[in-house]
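Read the structure below first, then the notes.
Residue numbers (the working numbering): 1 to 412.
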């Protein structure tokens with residue numbers, strides 16, 4: 001029987017999904033926390049029956065007897081809460097992003113090193129069955145060394161759908177520049193190829209007319225981002241795209257062949273993997289071109305029940321394994337800060353006509369020292385950083401009234 005791990009959950013919307021995956025991995029939910037009274041009150045009936053303690057104060061929550069914390073509050077608030085949890089002697093699994101400033105990334109890495117606690121980013125797109133299969137293929141050497149790869153996270157939605165997940169004039173989804181929500185596109189490629197970005201260039205596509213009826217102040221709907229990786233490969237990835245034509249998709253070209261997720265209908269397309277080679281490079285025993293539906297390596301039944309293509313199960317599985325083995329997971333703090341900082345550096349690049357920006361080496365204190373006071377943060381409106389390539393969008397009164405009416409409707 002595996003050791004039971006006592007865990008608390010901060011953020012009771014997204015956090016509840018992760019809590020269920022934690023339970024499936026023999027982790028016991030012992031405490032919950034949310035700063036929103038309505039959200040906390042809504043969760044109380046279910047959790048109080050199970051003897052789970054509820055908190056509105058995060059500092060009091062951290063005093064609870066538990067081993068680890070799920071950080072699932074707002075996208076732009078994870079790092080300070082993660083650092084507090086680490087310093088309170090708790091292991092941490094954090095939703096994306098790990099950091100939204102370079103200074104936060106530096107502080108987070110230092111906190112993990114000083115406390116020696118386990119830290120993992122809950123980037124669930126790494127653990128779909130087709131990405132796990134692509135990693136296996138790449139690690140086998142079949143396609144050789146990666147030279148070029150692409151990752152897309154294009155998730156358009158209706159005005160009503162968007163307003164439902166952005167309830168507030170300054171909600172983070174109404175402020176987020178187009179490069180920041182980048183880990184779904186990037187992390188799977190890093191995971192497949194064991195590479196890390198060292199340089200970032202980005203551009204952004206403005207289309208404020210697509211955002212009528214919303215309170216969104218960030219008017220750009222897509223960001224093509226070019227990454228130079230530590231093996232000299234180039235990756236083209238995206239932030240959160242709002243273009244017509246839903247697409248979660250990945251491709252990698254190597255020195256000996258190529259592979260991709262087969263495009264098609266569905267949230268993750270067909271979920272089939274295609275691998276192909278030039279006639280002069282077909283490995284012995286393989287077809288020149290094959291595509292197939294991969295299966296889970298193990299725990300199929302539990303993975304099939306989990307959200308985000310099974311990824312929610314696997315992130316908690318590997319977090320629990322790291323705690324039990326007293327070792328850092330694959331998606332450790334250094335990879336977490338690198339993949340998250342693509343958004344930061346990407347936006348700096350956008351505002352500088354696509355200029356290249358160097359990625360800090362988050363493993364190196366000498367490199368980190370240069371960025372410890374870099375607090376560039378477009379979510380901090382006092383910094384007056386443009387939220388779009390052509391400036392910040394000002395929603396009309398009609399936009400705001402429609403959004404507010406839908407926020408009120410969703411509270412009923």
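Even glycine gets a Cβ: it sits at the ideal position worked out from N, Cα and C.
(message) Output needed for residue 70: all residues of its chain with C-beta closer than 6 Å, excluding positions within five of it in sequence on either side, in chain order.
(response) If the five residues before and after residue 70 are omitted, its C-beta is found closer than 6 Å to the C-beta atoms of 9, 15, 18, 93, all from its own chain and listed in chain order.
(message) Please classify residue 290 as buried or exposed, where buried requires at least 16 other C-beta atoms within 10 Å of its C-beta.
(response) When all chains shown are included, residue 290 counts as exposed.
(message) At the level of alpha carbons, what is the spacing between residue 388 and residue 177?
(response) Inter-residue distance for residue 388 and residue 177 is about 6 Å (C-alpha atoms, whole angstroms).
(request) Return the CA-CA distance between residue 329 and residue 315, expressed in angstroms with no decimal places. (result) So the two alpha carbons sit approximately 10 Å from each other.
(message) Give me the residue from 121, 60, 87 with the minimum Cα distance to residue 337.
(response) Residue 121 is the option with its Cα nearest to residue 337.
(message) So residue 346 and residue 128 are supposed to be a Cβ contact under 8 Å. How far apart are they, rounded?
(response) At roughly 24 Å, the Cβ-Cβ gap does not stay under 8 Å, so residue 346 and residue 128 are not in contact.
(request) Classify residue 403 as buried or exposed, calling it buried when 16 or more other Cβ atoms lie within 10 Å of its own Cβ. (result) By the Cβ-count criterion, residue 403 is buried, with 16 or more other Cβ atoms from all chains shown falling within 10 Å of its own Cβ.
(request) Let me know the secondary structure DSSP gives residue 224 once reduced to three states. (result) Residue 224: strand per DSSP, three-state reduction.
(request) Answer yes or no: do residue 276 and residue 288 have a C-beta to C-beta separation smaller than 8 Å? (result) Contact flag set, yes.
(request) Could you tell me which uninterrupted alpha helix (DSSP H) segments, each at least 4 residues in length, are contained entirely in the region 59-116, listed from first to last along the chain? (result) The region 59-116 contains these whole alpha helix (DSSP H) runs: 78-87, 102-115.
(message) Quick check on the burial criterion: 16 or more other C-beta atoms within 10 angstroms. Buried or exposed for residue 154?
(response) Its Cβ being crowded by 16 or more others within 10 Å, residue 154 is buried.
(request) To the nearest angstrom, report how far apart residue 146 and residue 73 are at their CA atoms. (result) Each residue's CA atom was taken as its position, placing residue 146 and residue 73 some 35 Å apart.
(request) Find the nearest neighbour of residue 364 within the set 161, 376, 109, judged by alpha-carbon distance. (result) Ranking 161, 376, 109 by CA distance to the CA of residue 364 puts 109 first.
(message) Just list the residues that DSSP pairs residue 252 with in beta bridges.
(response) Paired residues: 149, 259.
(message) When you compare the CB positions of residue 144 and residue 256, do they come within less than 8 Å of one another, or not?
(response) Residue 144 is a Cβ neighbour of residue 256, given a cutoff of 8 Å.
(request) Please go through the region 317-355 and give each complete alpha helix (DSSP H) segment of 4 or more residues, from N-terminal end onward. (result) As far as the region 317-355 is concerned, its whole alpha helix (DSSP H) runs of at least 4 residues are 333-350.
(message) If the criterion is Cβ atoms closer than 8 Å, does the pair residue 44 and residue 90 meet it?
(response) In this structure, residue 44 lies away from residue 90, with their beta-carbon atoms at least 8 Å apart.
(request) Evaluate residue 264 with the Cβ neighbour count: other Cβ atoms within 10 Å of its Cβ, from every protein chain shown; 16 or more gives buried, anything less gives exposed. (result) That one is exposed.
(request) Give the DSSP-derived three-state secondary structure of residue 247 in the structure shown. (result) Of the three classes helix, strand and coil, the one that applies to residue 247 here is strand, per DSSP.
(request) For residue 286, count neighbouring Cβ atoms within 10 angstroms of its own Cβ and tell me buried if that reaches 16, exposed if not. (result) Under this definition residue 286 is an exposed residue.
(message) On the DSSP letters alone, give me the boundaries of the alpha helix (DSSP H) that residue 234 sits inside.
(response) Careful: residue 234 lies outside any alpha helix (DSSP H), inside the beta strand (DSSP E) at 234-238.
(message) Using 8 Å as the cut-off, can you tell me whether the region 179-194 makes contact with the region 230-244, which would need three or more C-beta pairs spanning the two stretches below that distance?
(response) Yes: at least three Cβ pairs fall under 8 Å.
(message) Judging by CA-CA distance, which residue of 220, 195, 82 is the nearest neighbour of residue 207?
(response) The shortest C-alpha separation from residue 207 is found at 220.
(message) I'd like the list of long-range same chain contacts for residue 22, defined as Cβ closer than 6 Å, with 5 residues on each side in sequence excluded.
(response) For residue 22, the CB contacts under 6 Å within the same chain, skipping 5 residues up- and downstream, are 7, 316 in chain order.
(message) Helix, strand or coil for residue 288? Go by DSSP, reduced to three states.
(response) Note: residue 288 maps to coil in three-state DSSP.
(request) On a CA-only basis, which of 20, 324, 38 is nearest residue 305? Give me that one, please. (result) Answer by Cα proximity: 20.
(message) Within the continuous beta strand (DSSP E) that includes residue 390, where are the two ends?
(response) Here residue 390 belongs to no beta strand (DSSP E), and DSSP marks it neither H nor E.
(request) Report yes if the CB atom of residue 371 is closer than 8 Å to the CB atom of residue 102, and no otherwise. (result) Yes.
(message) Applying the 10 Å Cβ sphere with the 16-neighbour rule, what's the burial state of residue 381?
(response) By the neighbour-count definition (other C-beta atoms within 10 Å, threshold 16), residue 381 is an exposed residue.
(message) Does residue 25 pass the burial test, meaning 16 or more other C-beta atoms within 10 Å, or should it be called exposed?
(response) A buried status is given to residue 25, since no fewer than 16 other beta-carbon atoms sit within 10 Å of its beta-carbon.
(request) Pull up the DSSP beta-bridge partners for residue 241, would you. (result) DSSP output for residue 241 lists 154 as bridge partner(s).
(message) Distance check for residue 131 and residue 303, CA to CA, integer angstroms please.
(response) A direct Cα-to-Cα measurement between residue 303 and residue 131 gives close to 14 Å.
(request) Just mark residue 375 as buried or exposed, buried being the case when its beta carbon has 16 or more other beta carbons within 10 Å. (result) With a threshold of 16 other beta carbon atoms within 10 Å, residue 375 falls short and is exposed.
(message) Taking 7 Å as the cut-off, is the beta-carbon of residue 197 closer than that to any non-hydrogen atom of the ligand HEM?
(response) As for the ligand HEM, it is missing from this structure, which has no ligand bound.
(message) Taking its Cβ as the centre, do 16 or more other Cβ atoms sit within 10 Å of residue 250, making it buried, or is it exposed?
(response) Classification of residue 250: buried, given that the 10 Å Cβ count is 16 or more.
(request) Between the Cα of residue 4 and those of 30, 115, 134, spot the shortest distance and give me the residue it belongs to. (result) Nearest to residue 4 by alpha-carbon distance, out of 30, 115, 134, is 30.
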